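Chains as they are written, first to last, in full-length UniProt numbering: chain A, 1 to 204; chain B, 1 to 204.
Where a beta carbon is used, it is the ideal one built from N, C-alpha and C, also for glycine.
Source: prediction; values computed, not measured.
There are 2 protein chains.
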Amino acid sequence: MTAMTTGNTSRADANRRRILDVALAELLRDPDASMDQIARAAGVVRRTVYGHFPSREALISTLVDEAVQALADADAAGRAGVTDPAEAVARSVLAVWQTADRYRLLIALAQRTVTVQGIRDRLAPLREAKVRLLQRGLDTGVFHSPLPAPALAYVHEQMLFALMEAVNDGLLAAAQAGRSATVAVLTAAGVPASRAMELVAEVA
Amino acid sequence: MTAMTTGNTSRADANRRRILDVALAELLRDPDASMDQIARAAGVVRRTVYGHFPSREALISTLVDEAVQALADADAAGRAGVTDPAEAVARSVLAVWQTADRYRLLIALAQRTVTVQGIRDRLAPLREAKVRLLQRGLDTGVFHSPLPAPALAYVHEQMLFALMEAVNDGLLAAAQAGRSATVAVLTAAGVPASRAMELVAEVA
DNA sequence: ACGGACTTGCACAGTAACGTGCAATTGCAC
DNA sequence: GTGCAATTGCACGTTACTGTGCAAGTCCGT
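As structure tokens, this is what we get:
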């Protein structure tokens, strides 16, 4: 024990990183995974994990922060400079799809260790951006839906989760999943199937 | 304790029923609600709950069975004798929406006490019927989607959950929610928005 | 090969839940 | 009104997990 507070030694850093990575995988399998399960899976003793993170909550919180960051980065990078709402959604979904694992972690934890409200708070900026995008699409007639933009944003989030599950269960070929998911999301927003496919073809 | 095995006394039956109802409400709020929380909420002592259900798992299992049954009944009754796939989906969604609470319980428990596989197993018959319905719609050109029918079935399930959340969060007016949800689901299946609205108008 | 950062192993206290046994009590039904 | 099922109250034993303390070991750079 003693220090580890310096946080500059490569060995400690590597361990910390590995613990986070393994924790992600374990929590994905079982959102209630104990510190001991996580530690063992990381090839480390439980006591060591407490050397890097003061509590279970701190560990998970770090993971959530990283996940949100990865999503935000993917989303922003994916649709930078795109003005057409439909194309923006298409690029956003394709980009976010790459971070599938981390997205799933959020979903998994949303109803467990972390309060739902906690997750929502951290995702708020990301969601608000999406709501504005959807609203713009509805206003300009690119999207058509009886749902208000905020509800549509919920639907989009859940659709992505459903499609990730479908891939896990072998109902959807992983190779084409990203493109299929994008078409599905656009379709749900009221974009005609033909136009959605066109868009995806030219974007991907 | 002693008996309670006769199960014919009205007092015991009423208690058992109330315990189940209250347990549903408590588990909806907190999927990890303890037996003590449930018992207290039902105005009963923990020990009494164990008089009716041998274990926590047995209690929850009963609840899940009832939920699946309610869903299946609503689904079947809703679309009995309807041949057009789009209309069948519309009627099914509108009917299932009525059992929202029980549907939400399944979702809440799906990632907790009960194994995901356990839930899937019990929902299998219901889902297979839906898959066949969707497949028929895809084959006849009523539906359009790059997703195979089984994946589309997943998407529909998750959409309903997302929309229930939206209602809870005040993003969607409860009065119109059922109809909006139905249009959204049909739209996600590739039915043009105009046709979807027509259908819902004549069915509801 | 030496020193300090990092890790291990073990032990401990605290907490929370489950499932059970049994004597005492309550309250319907007849 | 009384009898018997049902409920209560309480006390156990068990299990599992969190968070901490500390001494002994291990590994790496220098």
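Use the C-beta contact count for residue i: other C-beta atoms within 10 angstroms, 16 or more gives buried, fewer gives exposed.
{"i": "P85 (chain B)", "result": "buried"}
{"i": "S92 (chain A)", "result": "buried"}
{"i": "P150 (chain B)", "result": "buried"}
{"i": "G7 (chain A)", "result": "Any reading at G7 (chain A) is ruled out, since the residue's pLDDT is 41, under 50, leaving its predicted position unreliable."}
{"i": "V45 (chain B)", "result": "exposed"}
{"i": "N168 (chain B)", "result": "exposed"}
{"i": "R16 (chain A)", "result": "buried"}
{"i": "A95 (chain A)", "result": "buried"}
With a threshold of 8 Å on Cβ separation, who are the neighbours of residue i within its own chain once the five nearest residues in sequence on each side are excluded?
{"i": "V155 (chain B)", "result": "L147, A188"}
{"i": "L163 (chain B)", "result": "L172, A177, S180, A181, A184"}
{"i": "Q37 (chain A)", "result": "E26, D30"}
{"i": "D65 (chain B)", "result": "R122"}
Excluding the 5 residues preceding and the 5 following residue i in the sequence, name in chain order all residues of the same chain whose CB lies nearer than 6 Å to its CB.
{"i": "A67 (chain A)", "result": "R102, L105, L106"}
{"i": "residue 214 (chain B)", "result": "No information on residue 214 (chain B) is available, as it lies outside the stretch 1 to 204 that chain B covers here."}
{"i": "S194 (chain B)", "result": "none"}
{"i": "G81 (chain B)", "result": "none"}
{"i": "R18 (chain A)", "result": "A42"}
CA-CA distance, residue i and residue j?
{"i": "L63 (chain B)", "j": "L28 (chain B)", "result": "11 Å"}
{"i": "L138 (chain A)", "j": "Y50 (chain B)", "result": "54 Å"}
{"i": "A74 (chain A)", "j": "W97 (chain A)", "result": "9 Å"}
{"i": "D13 (chain A)", "j": "R122 (chain A)", "result": "26 Å"}
{"i": "V131 (chain B)", "j": "P125 (chain B)", "result": "10 Å"}
{"i": "S61 (chain B)", "j": "L152 (chain A)", "result": "33 Å"}
{"i": "G78 (chain B)", "j": "F143 (chain B)", "result": "20 Å"}
{"i": "G190 (chain A)", "j": "V191 (chain B)", "result": "9 Å"}
{"i": "F161 (chain A)", "j": "Q158 (chain B)", "result": "8 Å"}
{"i": "T83 (chain A)", "j": "L133 (chain A)", "result": "10 Å"}
{"i": "T2 (chain A)", "j": "L24 (chain A)", "result": "The predicted model places T2 (chain A) with a pLDDT of 41, which falls under 50 and marks its position as unreliable, so this point remains unresolved."}
{"i": "A39 (chain A)", "j": "R47 (chain A)", "result": "8 Å"}
{"i": "H52 (chain A)", "j": "D32 (chain B)", "result": "28 Å"}
{"i": "A175 (chain A)", "j": "G43 (chain B)", "result": "54 Å"}
{"i": "P54 (chain A)", "j": "L109 (chain B)", "result": "30 Å"}
{"i": "G141 (chain A)", "j": "S145 (chain B)", "result": "21 Å"}
{"i": "A88 (chain B)", "j": "A58 (chain A)", "result": "49 Å"}
{"i": "A129 (chain B)", "j": "L20 (chain A)", "result": "42 Å"}
{"i": "T5 (chain B)", "j": "A76 (chain B)", "result": "Residue confidence is low: T5 (chain B) scores 45 on pLDDT, short of 50, so the model does not pin down where it sits. No coordinate-derived value is stated."}
Less than 7 Å between C-beta atoms, sequence neighbours within five positions excluded: which residues of the same chain meet that for residue i?
{"i": "R56 (chain B)", "result": "M35"}
{"i": "A90 (chain A)", "result": "T182, L186, L199, V200, V203"}
{"i": "G41 (chain B)", "result": "Reading off the sequence, residue 41 (chain B) comes out as Ala, not Gly. The residues are V22, E26."}
{"i": "T99 (chain A)", "result": "A70, L71, A74"}
{"i": "A196 (chain A)", "result": "V183, L186, T187"}
{"i": "E165 (chain A)", "result": "none"}
{"i": "R127 (chain A)", "result": "A153"}
{"i": "G170 (chain B)", "result": "none"}
Can you give me the start and stop residues for the alpha helix (DSSP H) that residue i sits inside?
{"i": "T187 (chain A)", "result": "174-188"}
{"i": "R56 (chain A)", "result": "56-78"}
{"i": "D36 (chain A)", "result": "35-41"}
{"i": "L152 (chain A)", "result": "149-168"}
{"i": "S194 (chain A)", "result": "193-203"}
{"i": "L171 (chain B)", "result": "Run containing L171 (chain B): none; DSSP gives neither H nor E here."}
{"i": "P146 (chain B)", "result": "Premise fails: P146 (chain B) is in no alpha helix (DSSP H) and is neither H nor E."}
{"i": "V96 (chain A)", "result": "85-97"}
{"i": "G51 (chain B)", "result": "46-52"}
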